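Asker: Encoded as structure tokens, here's the structure I'll be asking about.
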Amino acid sequence: MYQLTERVKQNSKSADKANQLANEAKNIASQGGDMMSGVVNSMADISAGSHEIAEIITLIESVAFQTNILALNAAIEAAHAGQHGRGFSVVAREVGILAHQSGHSALNNKRLIGNSSKSISAGANLVGRSGDNLRAIIGSVIKVTDLITEISAASQEQSKGIEDITARVGMINEVTRLNADLVDQSTQASEVLQKQIFQLNQSVARFCLPATVRPPQRINEEVAVSF
2 MYQLTERVKQ NSKSADKANQ LANEAKNIAS QGGDMMSGVV NSMADISAGS
52 HEIAEIITLI ESVAFQTNIL ALNAAIEAAH AGQHGRGFSV VAREVGILAH
102 QSGHSALNNK RLIGNSSKSI SAGANLVGRS GDNLRAIIGS VIKVTDLITE
152 ISAASQEQSK GIEDITARVG MINEVTRLNA DLVDQSTQAS EVLQKQIFQL
202 NQSVARFCLP ATVRPPQRIN EEVAVSF
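With positions in the sequence shown counted from 1, the corresponding number in our numbering is that position plus 1.
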């Protein structure tokens, strides 16, 4: 019983320790979930910013295209003006070159941002799936934590029950010991009484009694029957 009690106590301590570790894992998983949510939000902000930049570059392309057309029109008008439009023609040509370069740069930037947007979208999807997996893990950890909490509570109740049983067994053992002592005392008292009866019979046998008086052995028999 002592070994069983100690084993139950040890199991209760182990359950408490497991409950503590499970709660720590639950807190860590919750913190990881919060961090993952922050990453998902950051990826969403980056993706939104990339779309805004792409829209701005599209606007730059449109402006560059229109500027190039205006430069071509200006060059044509300068050619019609002849000698008087020569200087304006040079300016129009330079503006057209700048517009073409701006459009080309905007196109390259748009392509790069498009690739970045694809990578960001793929990363956002991966982060989203990771977040879903992490939330599932958190749910499992919470379930395990609740289960371990129940096991810990049951172990504590079992430990308390075993302690009560041990105390009751101790009381029973004490009562049994007291009963054994009483039996020993009764046996000793009976032996002493038998000796006293024997001595009394011997003393009575020394006297001559009338025939109407009972013989001494009858006294011994009646005393023996009373026990």
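Quick reminder that beta carbons are idealized off the backbone N, C-alpha and C, glycines included.
These numbers come from a predicted model, not from an experiment.
#1: Can you have a look at residue 63 and say buried or exposed, based on whether 16 or more other CB atoms are within 10 angstroms of its CB?
#2: Apart from the five residues on each side of it in sequence, which residues of its chain come closer than 6 Å, Cβ to Cβ, to residue 20?
#3: Nearest-angstrom Cα distance between residue 117 and residue 136?
#4: What's the call for residue 188, buried or exposed, on a 16-neighbour Cβ count within 10 Å?
#5: Please determine, among 207, 53, 183 and 58, the residue with the shortest C-alpha to C-alpha distance to residue 109.
#6: Residue 132 and residue 37 - do their beta-carbons sit closer together than 8 Å?
#7: Give the DSSP-derived three-state secondary structure of residue 207 in the structure shown.
#8: Are the CB atoms of residue 146 and residue 23 nearer to each other than 8 Å?
#9: Within 10 angstroms of the Cβ of residue 16, are there 16 or more other Cβ atoms? Answer buried if so, exposed if not.
Answerer: So, from the data block:
#1: exposed
#2: 149, 150 and 153
#3: 28 Å
#4: exposed
#5: 58
#6: yes
#7: coil
#8: yes
#9: buried
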